[in-house]
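For reference, the structure discussed in these notes is given below.
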Amino acid sequence: MGLTACNATPVPIDPKYNAMIANGSFPSGEAARGKTLFNSRIIGKQAASGCIVCHSAEPGVIIIGPSQVGIATLAEEAFHSPDYKGKATTLEGYLWESMLFPAVYVTPGYPDVMYRDYGKSLTEQDLADLVAYLTTLK
Ligand code: HEC
322 MGLTACNATP VPIDPKYNAM IANGSFPSGE AARGKTLFNS RIIGKQAASG CIVCHSAEPG
382 VIIIGPSQVG IATLAEEAFH SPDYKGKATT LEGYLWESML FPAVYVTPGY PDVMYRDYGK
442 SLTEQDLADL VAYLTTLK
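Under this note's numbering, the first residue of the sequence shown carries the number 322, and numbering increases by one thereafter.
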């Protein structure tokens, strides 16, 4: 299960992702496929918990993490926070960064428990599709 995979050894992630976030250029995805992935309880080749285990796509419904509706506002708050140490400057970048490096910025009021290895267990296309879907939620 994904929840125990934290801390001990940092997992190397493909450096292309750091470059994508730094450059702010990302592959485009397919929102419909992202929606299906978002709503799957187990995803990726390490059979990790899926997004819907912790996030809703309904306004104000908090499971473990924040609802993904209003994500644009949360991204703006992050960019204005002195605690934000990430490199993203756009909503799209913030979403990629949040999935690949969840610990770079922990949304205030929430536990730092998001699964760490989506960057290894999901494909680049999976990540792009999820971002395409999440940006439809606003
Ligand atoms: C084990 C529970 C868990 C799972 C599974 C999980 N998340 Fe999270 N996620 C969190 C928590 C808790 C936070 C808030 C703390 C933080 O920022 O790390 C968060 C934060 C986020 C954020 C940024 C914070 C914000 O403003 O909403 C995004 C984007 C996000 N998650 C997307 C996803 C996506 C997409 C998936 C599936 C690929 C996913 N999460 C799976 C728990 C989870």
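The C-beta atom is built at its ideal place from N, Cα and C for all residues, glycine as well.
| Check | Outcome |
| --- | --- |
| Pairwise C-alpha distance: G350 and F359 | 13 Å |
| Three CB pairs or more closer than 8 Å across the segment 399 to 407 and the segment 373 to 391 | no |
| Span of the alpha helix (DSSP H) around Y431 | Counting along the chain, Y431 falls outside any alpha helix (DSSP H), and DSSP gives it neither H nor E. |
| Any non-hydrogen atom of the ligand HEC within 7 Å of I334 CB | no |
| Beta-ladder partner(s) of I364, from DSSP | A369 |
| As assigned by DSSP and simplified to three states, the class of I384 | coil |
| Rounded Cβ spacing between G386 and H376 (contact assumed at less than 8 Å) | 5 Å |
| Buried versus exposed, by CB contacts within 10 Å (16 or more), R437 | buried |
| Distance, K406 Cα to A453 Cα | 24 Å |
| Distance CB(E418)-CB(I342) smaller than 8 Å | yes |
| F347: CB within 7 Å of a non-hydrogen atom of the ligand HEC | no |
| Spatial distance of S370 from G440 (CA atoms) | 14 Å |
| Proximity to T428 [Cα-Cα], best of I392, A353, G414 | I392 |
| Cα-Cα separation between I384 and Y431, rounded to whole angstroms | 11 Å |
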